[in-house]
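Report on the following structure.
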Amino acid sequence: MTRGRDRHWGVLGVPSSRAAHWPGLEQGPAALRGAGLVEALAAAGASVVDHGDRAVERWRPRGAAGAAAATVPHDAAGVAAVLRDARDALGGVLATGETPLVLGGECTLVIPLVAAAVAVHGDVGLVYVDGGQDLQLPPDHPEEPILDSMGVAHLLDLPGTVGALAALGPRRPLLDPGALCFLGFGDADEDVRGLVPSLRVPAAEVTADPEGAASRALAAVTGRRSREPGAAGAAAGRPFLVHVDVDVLDALLLPGADVPQYGRGLTLDVLVAVLEPLVADDRFAGLTLVEYNPDHDPDGTSARRLVAALAPVLAARREP
């Protein structure tokens, strides 16, 4: 691996918990910056422009007036406003030629990143590194009308999603299920109606062979096999994005996820090993790092460990 001055990161914070289960995630971007993320990227050799944070948007209760609509996704209008603002800001980051690094905030932030990237690239893939799959739909899960667990469902425009979110980008659906790979999940399959024929590599398989899991994901989301050794020029296939929810990690080993997994998530070393070949690939086009809740990491130890582990990965680039 070499340090890549040709990788220009544009860091954008979206400090929102509007789509979440409770408050706390709105503190995440500032906490990750406070742990030295931007400085660590620069020290590791990356070119970095910090575009700052969008307005802080904190979770709010439905209130008595909304009690009758308890099965409707919570605060959909407020979430849609946050995502539209993020989409427009990310369009500006992409217009500069920078690679977006979105700090959140909730998993719904993958929607504006995909929307902005589709507007630029025309088509993208997505590697979804997350403890779950975020495919919950209101008809199937009326007991939990939380948009934070529905982000991928909106990318795919599945039945029962909110139109304002599913139509956030230049096409609908924003993502083809064949260009999507779920990587590292520990939850049971959320695709209860079999609507999403995407590649799925659960946590146990990622732990057993991180590089193999990354290779399978790359082949799926780019639509092509990885470039053969010694071949010249850019790798073939569509550009792709990577979504990282810190709940993919075992919270007993590294607390800080908003909705933790205990005893079945990845270790930090495995996460690093699976991310390295993804981020280093020529087709890589942007990343979300979300769901870190400082309330679950009071002394900031986990945030500093995340920064120390991920900054060298994000700054490195594979030899052409």
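Positions 1 to 320 (my numbering) are the ones given, in order, by the sequence shown. Note that CB positions come from ideal geometry on N, CA and C, so glycine has one too. Bear in mind that the values here come from a model prediction, so they are computed numbers and not experimental data.
### Task
Give me the Cβ distance between residue 89 and residue 12, rounded to the nearest whole Å; I'm assuming they're in contact under 8 Å.
Counting from 1 along the sequence shown, the entry for residue 89 is found at position 89. Counting from 1 along the sequence shown, the entry for residue 12 is found at position 12. Contact holds; Cβ gap of about 6 Å.
### Residue nearest to residue 401 in terms of C-alpha spacing, selected from 122, 127, 53
The chain is shown from 1 up to 320; residue 401 falls before or after that span and cannot be answered.
### Query
Near residue 206, which residues of its chain fall below 7 Å by C-beta distance, leaving aside the five closest residues on each side in sequence?
Here the question's residue 206 lines up with position 206 in the sequence shown. Around residue 206: 183, 184, 213, 266, 270, 274.
### Message
Tell me the DSSP secondary structure of residue 288 in three-state form.
### Response
Looking up residue 288 in the sequence shown gives position 288. In the structure shown, residue 288 sits in a strand (DSSP, three-state: E or B).
#### Entry: C-alpha distance - residue 228 paired with residue 279, whole-angstrom precision
In the sequence shown, counting from the first residue as 1, residue 228 sits at position 228. In the sequence shown, counting from the first residue as 1, residue 279 sits at position 279. Low per-residue confidence applies at residue 228: pLDDT is 41, beneath 50, and the placement is therefore not dependable, though the value from the model is reported in the following sentence. If you take the alpha carbons of residue 228 and residue 279, they lie about 18 Å apart.
### Task
Pick helix, strand or coil for residue 245, following the three-state DSSP scheme.
Counting from one through the sequence shown, the residue named residue 245 turns up at place 245. Strand at residue 245.
### Task
List the whole-angstrom C-beta distance separating residue 85 from residue 54, where the pair is believed to meet the contact cut-off of C-beta under 8 Å.
Here the question's residue 85 lines up with position 85 in the sequence shown. Here the question's residue 54 lines up with position 54 in the sequence shown. Their Cβ separation, rounded to whole angstroms, is 6 Å, which keeps residue 85 and residue 54 in contact under 8 Å.
### Query
Beta-carbon separation of residue 114 and residue 135 under 8 Å?
Taking the first residue of the sequence shown as 1, we reach residue 114 at position 114. Taking the first residue of the sequence shown as 1, we reach residue 135 at position 135. Cβ distance not < 8 Å, so residue 114 and residue 135 don't count as in contact.
### Query
CB residue 268 to CB residue 254, shorter than 8 Å?
Start at 1 with the first residue of the sequence shown, and residue 268 comes out as number 268. Start at 1 with the first residue of the sequence shown, and residue 254 comes out as number 254. Result yes, Cβ atoms of residue 268 and residue 254 sit closer than 8 Å.
### Query
With C-beta atoms as the reference, is residue 130 less than 8 Å away from residue 281?
Within the sequence shown, residue 130 is the residue found at index 130, counting from 1. Within the sequence shown, residue 281 is the residue found at index 281, counting from 1. No; because the gap between Cβ atoms is not below 8 Å, this pair is not in contact.
### Task
Buried or exposed for residue 299, please, with buried defined as at least 16 other CB atoms from any protein chain shown within 10 angstroms of its CB.
Taking the first residue of the sequence shown as position 1, residue 299 is located at position 299. Exposed, since its Cβ has fewer than 16 Cβ neighbours within 10 Å.
### Message
Per the DSSP calculation, residue 47 is bridged to which residue(s)?
### Response
Here the question's residue 47 lines up with position 47 in the sequence shown. Note: residue 47 sits in a beta bridge opposite 8.
### Query
Around the C-beta of residue 139, are 16 or more other C-beta atoms found within 10 angstroms, so that it is buried, or is it exposed?
The residue labelled residue 139 in the question sits at position 139 within the sequence shown. Exposed.
### Task
Compare the beta carbon distance of residue 46 and residue 287 with 8 Å and say whether it is the shorter of the two.
Taking the sequence shown and counting its residues from 1, the one referred to as residue 46 is at position 46. Taking the sequence shown and counting its residues from 1, the one referred to as residue 287 is at position 287. For residue 46 and residue 287, no; Cβs fall outside 8 Å.
### Query
Relative to the alpha-carbon of residue 116, which residue among 178, 168, 202 has its alpha-carbon at the smallest distance?
Residue numbering aside, residue 116 sits at position 116 when the sequence shown is read from its first letter. Closest by alpha carbon: 168.
### Query
Nearest to residue 103 by CA position, among 56, 77, 124, is which residue?
Indexing the sequence shown from 1 puts residue 103 at position 103. Among 56, 77, 124, the Cα nearest to that of residue 103 belongs to 56.
### Task
Classify residue 233 as helix, strand or coil using the three-state DSSP reduction.
For the purposes of this step, residue 233 is taken as residue 233 along the sequence shown, with counting starting at 1. For residue 233, the predicted model reports a pLDDT of 39, less than 50, meaning its position is unreliable; a value from the coordinates is still stated below. Residue 233 falls in the coil class under three-state DSSP.
### Query
Count the other CB atoms within 10 Å of the CB of residue 221; is the residue buried (16 or more) or exposed (fewer)?
Taking the sequence shown and counting its residues from 1, one reaches residue 221 at position 221. Counting Cβ neighbours within 10 Å, residue 221 comes out buried, since at least 16 surround it.
### Query
If residue 125 and residue 179 are in contact, beta carbons under 8 Å, what's the gap, nearest whole angstrom?
Along the sequence shown, one-based indexing puts residue 125 at 125. Along the sequence shown, one-based indexing puts residue 179 at 179. Going by Cβ atoms, the distance from residue 125 to residue 179 rounds to 4 Å, so yes, they are a contact pair.
### Query
On the three-state DSSP scale, how would you describe residue 16?
Taking the sequence shown and counting its residues from 1, the one referred to as residue 16 is at position 16. Residue 16: strand per DSSP, three-state reduction.
### Task
Within the same chain, show all residues whose beta-carbon is closer than 7 Å to that of residue 285, passing over the 5 residues directly before and after it, in chain order.
What you label residue 285 is simply residue 285 of the sequence shown in a count that begins at 1. Excluding sequence neighbours, residue 285 sits near 99, 117, 121, 124, 239, 240, 241.
### Query
Can you find a C-beta in chain B that's less than 8 Å from the C-beta of residue 127?
The structure shown contains no chain B; it is built from a single protein chain.
### Query
From what residue to what residue does the alpha helix (DSSP H) around residue 216 run?
Position 216 of the sequence shown, counted from the first residue, corresponds to residue 216. Unbroken alpha helix (DSSP H) run through residue 216: 210 to 222.
### Query
Buried or exposed: where does residue 32 fall if 16 or more other Cβ atoms within 10 Å of its Cβ makes it buried?
Taking the sequence shown and counting its residues from 1, one reaches residue 32 at position 32. Buried, because 16 or more other Cβ atoms sit within 10 Å of the Cβ of residue 32.
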